[in-house]
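The opening position of the sequence shown corresponds to residue 1 in the UniProt record's numbering, with each subsequent residue numbered one higher.
Below you'll find the structure, written out as structure tokens, and then a few comments.
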Amino acid sequence: MSTEVQGNTAGTRRREQILDVALEMFADRGFEATTMRAIAEEIRTTAPLVIYHFATKLDLYRAVFARYQHLNEERRREVLKVDTAASDAVERIVDAFLLPTLKAQETAGGKLFARLVLREASDPAAHERGILAEYFDPMARDFIHVMRTALPDKPPGFHEWAYLFGVGALTGTALPHRIASLSELPNINEFRYDHLRNVLVAGWRGTGR
Numbered sequence: 001m002s003t004e005v006q007g008n009t010a011g012t013r014r015r016e017q018i019l020d021v022a023l024e025m026f027a028d029r030g031f032e033a034t035t036m037r038a039i040a041e042e043i044r045t046t047a048p049l050v051i052y053h054f055a056t057k058l059d060l061y062r063a064v065f066a067r068y069q070h071l072n073e074e075r076r077r078e079v080l081k082v083d084t085a086a087s088d089a090v091e092r093i094v095d096a097f098l099l100p101t102l103k104a105q106e107t108a109g110g111k112l113f114a115r116l117v118l119r120e121a122s123d124p125a126a127h128e129r130g131i132l133a134e135y136f137d138p139m140a141r142d143f144i145h146v147m148r149t150a151l152p153d154k155p156p157g158f159h160e161w162a163y164l165f166g167v168g169a170l171t172g173t174a175l176p177h178r179i180a181s182l183s184e185l186p187n188i189n190e191f192r193y194d195h196l197r198n199v200l201v202a203g204w205r206g207t208g209r
């Protein structure tokens with residue numbers, strides 16, 4: 001292997017290592033409380049090396065979200081396949097909304113990313129960073145459009161709020177210890193998909209107008 005190839009490989013590994021540590025720190029501490037120096041210390045390197053790969057903390061933060069953007073793209077593809085005239089259209093929309101994310105949460109990185117999304121979505125300063133606008137709003141608009149087509153009789157504003165209520169319910173699954181503290185069932189988290197799906201289907205389909 002040439003020196004250049006070895007260097008590229010080492011650089012790629014270091015970049016991935018930085019992203020791994022950044023994901024964990026951002027998920028645990030949030031954007032403001034995480035520093036480039038702390039990330040560098042965690043991987044036993046220097047802040048300038050981290051800055052070499054990611055010029056600013058915001059660049060690094062955005063790269064963490066970009067790394068998981070395939071999940072949102074998968075959700076978009078799935079929801080756009082839904083036959084909105086079918087009797088089970090709402091169920092299919094809910095599945096497109098839930099399954100890619102919940103499947104990702106079966107991995108350590110997916111769990112951390114879910115917690116990070118929860119932090120970003122609830123941070124009053126999130127709009128200043130533009131993460132939600134860039135990585136999540138295009139998908140949200142697709143879901144709202146498909147929901148509006150499948151449920152045309154709902155009142156103005158229903159589809160937008162229904163989507164955001166779904167986001168709140170889904171991001172809540174990123175905190176398994178919370179539900180565990182409210183239940184005597186040792187395996188309560190195993191039921192999250194079925195119950196969350198039922199709640200969203202009932203809420204999105206609804207009967208009230």
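For every residue, glycine included, the Cβ atom is placed at its ideal position computed from N, Cα and C.
What you are looking at is a predicted structure, and each value in this text was computed from that prediction instead of being measured.
Note on geometry: alpha-carbon atoms of GLN17 and LEU60 lie some 12 Å from one another.
Looking at ALA180, THR46, ASP137, ASP83, the one whose alpha-carbon comes closest to that of ARG14 is THR46.
For a cut-off of 8 Å, the C-beta gap from ASP142 to VAL94 is around 14 Å, too long to register as a contact. ALA121 sits in a helix when the DSSP states are folded into three classes. A distance below 8 Å separates the beta carbons of TRP204 and VAL90. With contacts defined as CB atoms closer than 8 Å, ALA22 and VAL82 fail to qualify as a contacting pair. A direct Cα-to-Cα measurement between THR171 and ARG44 gives close to 32 Å. Every alpha helix (DSSP H) of 4 residues or more that sits fully in the UniProt domain "HTH tetR-type" (12–72) is shown, in chain order, as 36–42, 47–53, 57–67. Between ALA96 and LEU71, the C-beta spacing is not below 8 Å.
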